Each structure stands twice: as structure tokens, then as C-alpha cells.
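Residue numbers (the numbering used here): 260 to 528.
All C-beta atoms in this analysis are idealised placements derived from N, C-alpha and C, irrespective of residue type, glycine included.
All values derive from a computational prediction rather than experimental measurement.
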């Protein structure tokens with residue numbers, strides 16, 4: 260009986276010692292995953308806008324920490340961002356800005372000193388800040404000269420109003436163009452009085468060599484959107500030889516009347 264009791268007491272002491280040793284040696288885990296506060300980028304921006312991110316690393320477990328922040332864009336085709344935070348909106352769409360924080364050695368040492376008996380862990384989770392980019396449109400005005408038959412396009416309010424005062428018919432907004440993108444070149448023929456528009460730099464340079472006046476970039480095109488069709492009237496040797504429209508019905512009607520369809524010139528919005 261005494262032997263049996265002794266064995267029971269020994270077993271209890273063994274269990275207690277194992278439990279005591281385990282509780283004394285088992286360390287807790289402390290989450291030190293860094294995060295930032297980003298204050299100076301709105302949830303929505305327009306194409307062409309740019310700026311610089313300013314992020315602050317948040318305290319970790321009540322301790323002020325330092326480190327470096329490197330920024331990334333989830334879709335650089337919509338919005339680009341350099342590692343130090345300079346961003347620029349390129350095209351419309353949705354994306355996220357993702358910061359990656361690297362704590363300084365001093366901050367890591369400070370955290371280890373605060374939790375000497377604990378395991379410090381970082382979660383494999385990144386912050387993300389959603390941003391919506393919308394297109395900043397410019398209206399392209401359409402005017403018509405009843406005397407020469409020329410259709411003229413411009414985004415310049417002063418030019419539009421001046422031509423209206425000279426008897427041109429204002430036919431409204433032809434389409435909308437972005438603030439940046441693919442350049443649409445404008446040229447003028449001093450002999451026929453025609454204005455010509457193209458995104459093709461070879462075509463631009465060829466016309467310049469033939470005496471056309473290059474008048475600069477008229478507006479911009481996006482890579483895909485509302486197609487602007489170009490048609491040519493071989494019988495018109497004046498200023499109305501070319502016509503541009505985003506109206507497929509008008510394109511088909513002019514084609515049926517003998518105009519030659521020359522394809523999509525560029526894209527509007």
C-alpha cells in the first residue's frame with residue numbers, strides 16, 4: 260500500500276514538474292507587423308494628376324519605431340509610383356498602392372529589448388490603399404465652313420468662338436479627348452485651306468515635306484475607346500477633302516456616296 264502511494268505521489272510530482280517547466284520556458288508571440296498611415300492621396304484622382312506620398316510608420320506595441328517605406332502600384336498601366344512615393348495617374352481604372360515597410364535595426368533592437376522572453380513575429384500581410392483613376396476629358400469642338408465645306412476640330416474655346424464670329428457653323432462636341440496619351444498632330448495646307456489630323460508621325464513629316472504647315476499637337480488619343488473614322492473625298496481638291504467622325508452611320512452614308520473610308524484615325528472617349 261505504501262509502495263503504491265509512493266508511486267502515485269511520484270507521478271504527481273513528475274506531472275507538476277513538467278507543467279511547471281513548460282510554463283516557465285514557453286514564450287509568448289508578439290506581433291510586430293508594421294503599418295503606415297497615408298494621408299495625402301485621395302481615393303479618386305484624374306488622369307494627368309501627380310503627387311508625392313507621405314506616409315508615417317505607426318507605433319508597434321506602444322513603441323515608436325523608425326524605418327523605410329517603399330511604395331508599389333498594383334497596376335502601373337493605370338498609375339505609376341516610384342519607390343520613394345512619386346505617383347502619376349496614367350489611365351482610367353482601379354488599383355491599389357501597396358507600401359512595404361522595413362524597420363530600422365534600432366527599432367528591432369528596441370522591440371526585442373521590450374519583449375526579451377517573447378517571439379517577435381510579422382504577418383505576411385501587406386497594407387493596400389485603393390485608388391480610382393478617372394479620365395480627365397477635354398471636349399473637341401466641331402465646326403463647319405458653309406463656304407468651303409471644311410469640317411474643323413479644336414479643343415480651343417477662343418478658336419471655336421473666333422470661327423463662329425466669322426460665320427462658321429458650330430456643330431457641337433465631336434468627341435472627348437484625354438489630357439495626355441497619343442499625340443494627334445494638326446497640319447494645314449496653305450494652298451487648299453484644308454486642316455489635316457493624324458497620329459502617324461511619318462504621315463506628318465511627309466506632309467511637312469510637301470509644304471503643309473505643322474501646327475502642333477491638336478489633342479490626344481487613348482489606345483482604345485470611341486473610334487474616330489477618317490474618310491476622303493477624291494473629288495474635292497479644296498479644304499473639305501477629309502472628314503472625321505465617330506458616327507458609324509455617317510461613315511457608311513459617306514462611303515455609299517463615293518467617299519473612301521481610310522480607317523480609324525484615333526480614339527476618343
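Would you kindly report the start and end of the unbroken alpha helix (DSSP H) that includes residue 411? Premise fails: residue 411 lies in the beta strand (DSSP E), 410-413, not in any alpha helix (DSSP H).
Which stretch, first to last residue, makes up the alpha helix (DSSP H) that contains residue 512? 507-515
Tell me whether residue 336 is buried or exposed, calling it buried when 16 or more other Cβ atoms sit within 10 Å of its Cβ. exposed
Taking residue 308 as the reference, give the member of 432, 345, 460 and 293 with the closest Cα. 345
6 Å Cβ shell around residue 471 - same chain, five flanking residues per side excluded: 446 and 448
Kindly indicate which residue of 379, 351, 368 and 452 has the alpha-carbon position closest to the one of residue 394. 351
Since residue 460 is in the alpha helix (DSSP H), which residue starts that stretch and which ends it? 460-468
Whether residue 434 touches residue 485 by CB criterion (8 Å): yes
Own chain partners of residue 528 with C-beta closer than 8 Å, once the 5 adjacent residues on each side are dropped: 394, 396, 434, 435, 436, 437, 481, 484 and 485
Measure the CB-CB distance between residue 292 and residue 413 and report whether it falls below 8 Å. no
Does residue 418 come out as helix, strand or coil in the three-state DSSP assignment? helix
CA nearest to the CA of residue 294, picked from 463, 429, 358 and 417: 358
CA nearest to the CA of residue 331, picked from 428, 387 and 455: 387
What is the DSSP secondary structure of residue 367, counted as helix, strand or coil? helix
Can you check the stretch 291-362 for any beta strand (DSSP E) of at least 3 residues that lies completely inside it and give the ranges in chain order? 295-297, 303-305, 309-311, 314-316, 326-332, 338-340, 345-348 and 352-362
Neighbourhood of residue 284 by C-beta, 7 Å cutoff - its chain only, sequence neighbours within 5 removed: Any reading at residue 284 must be qualified, since the residue scores a pLDDT of 46, below 50, and its modelled position is unreliable; no value is offered.
Hey, is the stretch 370-384 in contact with the stretch 400-415, meaning 3+ C-beta pairs nearer than 8 Å? no
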